[in-house]
Amino acid sequence: MYVANTDAREIRTYLPDGTSSGTFVAAGGGGLGRPWSVVFGSDGHLYVSDHSGSAIRRYNGSTGLPMGSGSDAATDSLWARTLSRPYGMAWNGETLHVATYGGIERFSLAGTSLGTFGQASRTPTGDAPAAASLAYPYDVAFGGDRMYVADRGNDRIAYYSASTGKYLGAVSSRTSAFTTVEPSGLAWRGSLYQSGGDAGQVNRIATPALTLERSFSGTHIDEPFGMDVAHDGSVYVASKDTGRVAVISAAGVVTRLVSSSLDDPRDVAVGPRYAPALTPGAAGAAGASGAAGAAGGQGAQNSEPELEVLVGGRPAGPVVDLAASTGTAGVSVRATDAEGNAVSISMAVLETALAGGATPASPPALTDHGNGTATLTVDGSTPGEYLVELSASDAHGEEWDTYIIRVAPAAGPS
-6 MYVANTDARE
4 IRTYLPDGTS
14 SGTFVAAGGG
24 GLGRPWSVVF
34 GSDGHLYVSD
44 HSGSAIRRYN
54 GSTGLPMGSG
64 SDAATDSLWA
74 RTLSRPYGMA
84 WNGETLHVAT
94 YGGIERFSLA
104 GTSLGTFGQA
114 SRTPTGDAPA
124 AASLAYPYDV
134 AFGGDRMYVA
144 DRGNDRIAYY
154 SASTGKYLGA
164 VSSRTSAFTT
174 VEPSGLAWRG
184 SLYQSGGDAG
194 QVNRIATPAL
204 TLERSFSGTH
214 IDEPFGMDVA
224 HDGSVYVASK
234 DTGRVAVISA
244 AGVVTRLVSS
254 SLDDPRDVAV
264 GPRYAPALTP
274 GAAGAAGASG
284 AAGAAGGQGA
294 QNSEPELEVL
304 VGGRPAGPVV
314 DLAASTGTAG
324 VSVRATDAEG
334 NAVSISMAVL
344 ETALAGGATP
354 ASPPALTDHG
364 NGTATLTVDG
374 STPGEYLVEL
384 SASDAHGEEW
394 DTYIIRVAPA
404 AGPS
């Protein structure tokens, strides 16, 4: 996946399991200012809306290099310029639609301007049925023969005919049973997905009826912005205030948390493919990895330790559910290294969210037994969640994974 790491002025990449595969576009690459939205075109290249640069930039979809002539590093990535503060983007065929202060600006694959849908008034007008009533549109998505617009200033989702641009209507908290307060991001795959920045949630909305199917929220989704939906229905959400990407299954369960150190991420693209794995003799060609280590010898590669959490002796997923107990509740952690190197295990507690804002009777703790195993304990008497980052390191590098440890409420009297 490809993440617009906005305040760091870069595009980062991650493998399907959430492991970092490095920096795809380096900070300021090709003149990049504040990347807001990332989408792939039918040409296989990555298009980035540069909010501070008022431009759309294009990068080679395989290498991340600017697509220009190479004569000017500061401008070689420019594909379209003089936009009015571009935000989210979406393709409809080979026409790119960009949400801007001035409305929805359209461009051909060659970068030629095709005009604007819905001139933005910048003055909220509620549900007035007119294309010109858009106020600070933040994102756009296409589904069926509709174009959906996150009309942030009007707290609504406006929709148009995708083929003619005719305004068809709007849905908002004032007219529906779900919140559309300050919508930030949109995505479509069978259903419409809408994130609400200040609402801290993601809605899955049936189309064309525009009725709520499911809402996702939680401590791991704080100021959600751009999204992408994978083929399996998993939703990848850029959570601005937590500095990570949350991956939510179609059933509404957070299955992965990607990174804990992104700087104001605003969008994510699953992409036409993931960053390629390193091949023998090409170590380092794809940039830094989440399993970062030093190669020994020419072309040598060293497998990093593999990390897993065990519950009852069986491997657990990224979300670990524990029964309530009167004392501490624990899980086992195991790290193995293919080369047989000594491995150390450590833990960082990223977040604690207990019922009623309680303080745990005992803080999360990890005991490394020095033999590739460790025990992780949490307070079992107070229900809630702990977000922890576990790492396993040997002499050559380190592997890390993020887990959610959930303690269930105590069972009531039967």
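So that you can map any letter, position 125 of the sequence shown is 118 in the numbering used here, and since no number is skipped, the others follow by simple counting.
Note that the Cβ used here is the ideal one computed from N, Cα and C, for glycine as well.
Can you tell which of the options has its C-alpha closest to the C-alpha of residue i?
i	options	result
T235	R249, V247, D257 and T248	D257
T56	L39, F171, D65 and A358	L39
V222	S252, V240, R145 and D361	V240
S486	Y141, G146, E87 and V246	Since the first residue shown for the chain is -6 and the last is 407, residue 486 is missing from the structure and cannot be characterised.
A151	R145, K159 and A163	A163
T395	G310, V133 and G146	G310
E3	G11, S14, S13 and P28	P28
S409	T75, N53, L58 and G34	Limits of the chain in this structure are -6 at one end and 407 at the other, which puts residue 409 out of reach.
R149	L179, S254, P79 and L255	L179
L383	P402, S318 and E299	E299
D138	S126, Y160, L303 and G24	Y160
L369	Y131, M340, I49 and L185	M340
G219	G333, S45 and A92	A92
G96	L102, M60 and G146	G146
R237	L71, D225, E98 and P217	P217
Y94	A103, T88 and V133	V133
D69	R399, Y80, G22 and S101	G22
L203	S166, V263, G377 and N364	S166
F171	G193, G158 and R182	G193
T88	S156, D43 and A(-3)	S156
V263	K233, D225, G349 and A244	D225
G183	G189, E392, T200 and G15	T200
G86	T352, L102 and P79	L102
Taking DSSP as the reference, what is the three-state secondary structure of residue i?
i	result
N147	helix
A202	coil
D132	strand
A354	coil
T75	coil
A346	strand
A404	coil
T(-1)	helix
S126	helix
G211	coil
G22	helix
R167	coil
R27	coil
S318	coil
G108	strand
A262	strand
Y80	coil
S101	strand
A281	For A281, the predicted model reports a pLDDT of 27, less than 50, meaning its position is unreliable; a value from the coordinates is still stated below. DSSP places A281 in coil when its eight states are reduced to three.
P59	strand
E299	strand
G96	strand
D372	strand
N196	strand
Give me whichever residues DSSP pairs with residue i in a beta bridge.
i	result
G178	S188
D394	L383
Y152	Y141 and G162
M340	L383
L250	A239
R50	V41 and L71
N85	T88
Y229	D221 and V240
A367	V326 and D361
E378	A346 and R399
S13	Y7
P308	L303
Pull up the CB-CB distance for residue i and residue j, whole angstroms please, since I reckon it's below 8 Å.
i	j	result
A143	Q187	7 Å
N196	S177	12 Å between Cβ atoms; not a contact.
R259	T(-1)	5 Å
G401	A317	Note on identity: in this sequence residue 401 is Ala, with Gly being the wrong assignment. Contact holds; Cβ gap of about 5 Å.
S254	T248	Contact doesn't hold; Cβ gap of about 20 Å is too wide.
R51	L25	Not confirmed; about 11 Å, so no contact.
G104	W72	5 Å
S45	Y80	Contact flag wrong, Cβ pair sits at about 12 Å.
R327	E301	6 Å
Check the Cβ-Cβ distances between residue i and every residue of chain D, and say whether any is below 9 Å.
i	result
D43	Within the model displayed, chain D is absent; a lone protein chain is all it includes.
_Inter-stretch contact at 8 Å, needing at least 3 Cβ pairs: the region 367 to 375 / the region 317 to 329_ = The count of Cβ pairs closer than 8 Å, one atom from the region 367 to 375 and one from the region 317 to 329, reaches three, so the stretches are in contact.
*If we count Cβ pairs, one from each stretch, closer than 8 Å, do we get three or more for the region 351 to 365 versus the region 206 to 215?*
Too few Cβ pairs lie closer than 8 Å, so no.
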